[in-house]
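Visitor:
In the UniProt record's numbering, the protein residues as written are 1 to 1150.
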């Protein structure tokens, strides 16, 4: 007999009002829900057909029906009550389904109420997307034809030089946000003239001031930490006045921030003085005795300075300032909304004409039916349903809430609504789930005269150490400010199982210097972790690797398989990019149209035909035909290649003939037969999955036919459109829960599952904040936020509204990331392993000394690792016994190879018999061993590295003491130097290419041009922060103010950029071998009267007082190769300049 906790018992038996069950992870909510249904049926309170149960998935609905039937049969066997047998028979037609399914039921039963057809067809997601894109294109065509100034400005603001995809994506975002509301048209219309609504503008200013307040509070705390650090350091031989000056400057700054906080609380605009603390150039820093203390203090002060600079960059706003800034954007706002309304109505009209609906229409039609004729239909269901149960209530949206409210009985204080969920597990915001509905209702139910809230906190899944770690982390990072709920005693997990089990510590694995480790360091380490767990008795099925997304899925599949581990990677995307599906799509494409060289040659290269690269080159070189298909048809040589081509065309021609009368699924099946594709791909690694993917494509083709599309061309066009739009199917599932196989899955896919061992991986990956940089931001609650746009010079700048919306959406995004962390951690039964990965040395994003992490710290993280590592490190340092830190050392890959490979000499001692010639083969020596290390093609960098020598006075220094020092922030802004260098080179390429136009612009116009250029790059390279943009602009300014560079540009006749070259090394004196070549790319080449000049950009860090000769010597070999190669190719004298952005121009002499 089940022993219920007091809270579970109350949840099962309580009646009299609406009930909200806040059920933590592992608390047995489904068991409680089923037991409540059974008790009510057995007790005669209602029958199965008087019950509505809404589940999140169809699988959950089936599972719940099975559990209810099992319990009813058990009760029937115990009591012999014939009524229970009747209830079992009613189960098949019971309303236990997803809310979507119930809405479809309402439509089928009451379509006539709102005048729609009874046989409307449901569009698939892909088909609906294509139809919506077509409507948007037609609506925009009308606006382009009209060509108003406001629409032109909107287009310039949201589109790039290449296309209008930016505008289209904003319209889609606005459309999908609108249809997730109960009244989409009202949602859109309510945003018209938002920048003329003074109360709306006042709310924006209040929200902006709240953002400033959080940053000021964080700055105050950081200054207090800095003040402690000032007191803790020891100086050697420092004057008291020098020390007092530093403390006085800090005190002045602390008072200034304190006054700013007071002003902010009064609702006044905040103005701060310039940053004035003593820095590393002063005696206060120079004379710190301990180098570690000096670095720690410098790091602490740099973080303070960064926070202070960020505050200084935020302008002070009054309501009047907001009016002046935003009112010019009002007409553009209205135009965008009218476009969205036209799309909404146009798409609805098109679907009605074609007798179609999409999934969002299910809810809106159901809502319309329930609202029609003074709620006539709604009243029928209010009388029928004695209880309405909503599972996973935290994941419903506003439309679904409106539907539920129409069919439930009574108010909250006397209603019949039973809701179960956990807002800490609401992780479907991207599907328009709205956790605020749960939070608002929970807050109301805690007050008298409303519904009843019951907290189920006992966790019956996990060991105590898992729960202790989860509680200790979340009580420090989750509150109403960031996280949307307070992680207090009502939310903390209480151990309900494994009470007497031996202790198992949870593990934090620290991987440092990951950039120095070959391959994916984290996955290499995870392989070792898995092998160790299996060696200790764990089954593979008991281990899961949870990831935030599918970025590393292919690496996991490849590396774990190569390590001999049985693995299933649960891909929700990537289906269309698998080798087997791409191969089939190539075959289908040339059946439809063989004049596609990429698909044609790809099919020829399949093992079934095995045309080599040399074969294809021979065919191509022997014909002047435009297409490869034509060239292959014309091939006439009587050789083996001709015979294989004949066989290839026999199969292709037969398939092209069959395509005329076979359906797409039948054609695919015929291809499988002709090419033996199923057998071939089944023999490759992951063969079972590959075969399932190919069979799955037949099913998808059959679904495609049901859309009334019958041609191969339409099928290929649809798939091509999906690939272009970044859409995909998930890979086919080929494993069962009982298979002893390791699983890699996303956190979303793991919801509702449990595993003995959870490896929470990939937390060092940057979060996706790309939407925050959009020029127009859309949100269901916060509306439409425009950046500022100046049509005179097409400049785009942040606005108070865009800043506020960015902060709110970032807060929302990070809150959801917290919930994903919670879901990941609570999947573990026995042990949770968390790898943290650092490219260099370990470092903490913020200083943490206990208590709730400051909101501003939490809102400025870029990864999950940055959020949780300081807290986990603190727990370890504070000696919490449920967690241990393990420093990871990954063995060099070369060492591992030596362990597993045998030499020929070793094999000689193995008595395994010798075949004819085996010894000769193993003992063979190449006739020219000196050439084995000769590289045919080298890059300039490789030659430079090969020719570099260490200084004569260089010494080997071995450190006996390991010191973990943080890397200063100014050396690492979150983007590695090579990546920043690549972006900087791209910027310079564009500037040099446009120099004739740029040099003719005025100062303001050139600045606007540079802003547009950087903005375009930033949309693509989302890792670029404001700090990087500042550095790029500063580098540009330095370059165009350098007298040497400007003289060269004034004298040039033509500019060439990014010039690739390949040169014979012997010709330029770098090799004695005639076939050895070098390749490289010159950044910039100027044609000047009688000669050429090469400019090579360098983003290297240059220390103060650097020697000009040493800088030139650093790149002497590289520049010499550039000069010699250019002179050989151009036949003229060439001079070379290095341009260091942090130093200036250096002419490199011969």
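Ideal Cβ positions, reconstructed from N, Cα and C, are used throughout, including at glycine.
Assuming residue 1071 contacts residue 1079 under a Cβ cut-off of 8 Å, what Cβ separation, rounded to an integer in Å, is found between them?
Guide: For a cut-off of 8 Å, the C-beta gap from residue 1071 to residue 1079 is around 13 Å, too long to register as a contact.
Visitor: With which residues is residue 389 paired in a DSSP beta bridge?
Guide: 53, 418
Visitor: CA-CA distance, residue 925 and residue 511?
Guide: 42 Å
Visitor: Would residue 845 and residue 515 be called neighbours here (beta carbons separated by less than 7 Å)?
Guide: no
Visitor: Give me the Cα-Cα distance between residue 1059 and residue 995, rounded to the nearest whole angstrom.
Guide: 17 Å
Visitor: State the DSSP-derived secondary structure class of residue 307, mapped to helix, strand or coil.
Guide: helix
Visitor: To test your reading of the DSSP string, which unbroken alpha helix (DSSP H) runs of 4 or more residues are found completely within the region 661-732?
Guide: 664-675, 677-682, 687-706, 712-724, all fully within the region 661-732.
Visitor: Out of curiosity, what's the CA-to-CA distance linking residue 898 and residue 944?
Guide: Note that residue 898 scores a pLDDT of 42, beneath 50, so its modelled location is shaky and nothing firm can be said.
Visitor: Does the distance from the CB of residue 421 to the CB of residue 393 come in under 7 Å?
Guide: Going by C-beta atoms, residue 421 is nearer than 7 Å to residue 393.
Visitor: Compare the C-alpha of residue 1188 against each of 1001, 159, 254, 642 and name the closest.
Guide: Nothing can be reported for residue 1188: it is not among the residues displayed for the chain, which extend from 1 to 1150.
Visitor: Among 532, 259, 668, which has the Cα closest to the Cα of residue 580?
Guide: 668
Visitor: What's the gap between the Cα of residue 1140 and the Cα of residue 1107?
Guide: 12 Å
Visitor: Could you check the C-alpha separation between residue 885 and residue 529 for me, to the nearest Å?
Guide: 14 Å
Visitor: What's the call for residue 1109, buried or exposed, on a 16-neighbour Cβ count within 10 Å?
Guide: exposed
Visitor: Could you spell out the range, first to last residue, of the beta strand (DSSP E) harbouring residue 478?
Guide: Here residue 478 belongs to no beta strand (DSSP E), and DSSP marks it neither H nor E.
Visitor: Among the residues of its own chain, which have a CB less than 8 Å from the CB of residue 130, if the five just before and after it don't count?
Guide: 718, 721
Visitor: According to DSSP, is residue 548 part of a helix, a strand, or is it coil?
Guide: coil
Visitor: Would you call the region 1126-1141 and the region 1026-1042 touching, i.e. three or more CB-CB distances under 8 Å?
Guide: yes
Visitor: Buried or exposed: which applies to residue 1052, given that a residue is buried once 16 or more other Cβ atoms fall within 10 Å of its Cβ?
Guide: buried
Visitor: Which one of 73, 870, 1115 has the shortest CA to CA distance from residue 843?
Guide: Considering only alpha carbons, the answer is 870.
Visitor: Taking DSSP as the reference, what is the three-state secondary structure of residue 448?
Guide: coil
Visitor: Could you please give the first and the last residue of the uninterrupted alpha helix (DSSP H) stretch that includes residue 996?
Guide: Element bounds for residue 996: 995-998.
Visitor: Taking only three categories from DSSP, how would you classify residue 785?
Guide: Three-state DSSP puts residue 785 in a strand.
Visitor: What did DSSP end up calling residue 18 once you bin it into helix, strand or coil?
Guide: coil
Visitor: Below 8 Å CB to CB, which residues in the same chain sit around residue 659 once its five sequence neighbours on both sides are set aside?
Guide: 591, 592, 667, 712
Visitor: Suppose contacts are defined by Cβ-Cβ distances below 7 Å. Is residue 39 in contact with residue 19 by that definition?
Guide: no
Visitor: How about residue 283 and residue 205: do their beta carbons lie closer than 7 Å?
Guide: no
Visitor: Per DSSP, which residues does residue 1096 bridge with? Please list them.
Guide: 1138
Visitor: Consult DSSP for residue 962 and reduce its assignment to one of helix, strand or coil.
Guide: For residue 962, the pLDDT reaches just 38, beneath the cut-off of 50, and the residue's location in the model is therefore unreliable, although a value from the coordinates is still provided. In the structure shown, residue 962 sits in coil (DSSP, three-state: anything other than H, G, I, E or B).
Visitor: Under three-state DSSP, which class holds residue 1076?
Guide: DSSP, read as helix, strand or coil, puts residue 1076 in coil.
Visitor: Less than 8 Å between C-beta atoms, sequence neighbours within five positions excluded: which residues of the same chain meet that for residue 449?
Guide: Contacts found: 413.
Visitor: What is the residue span of the alpha helix (DSSP H) that residue 795 lies within?
Guide: Residue 795 -> not in any alpha helix (DSSP H); beta strand (DSSP E) instead, spanning 795-797.
Visitor: With DSSP collapsed to three states, give me the class of residue 610.
Guide: coil
Visitor: Per DSSP, what kind of secondary structure is residue 507 in: helix, strand or coil?
Guide: DSSP places residue 507 in strand when its eight states are reduced to three.
Visitor: What number of angstroms, rounded off, separates the C-alpha of residue 275 from the C-alpha of residue 863?
Guide: 29 Å
Visitor: Where residue 989 and residue 327 are concerned, what is the direct C-alpha to C-alpha distance, given to the nearest angstrom?
Guide: 38 Å
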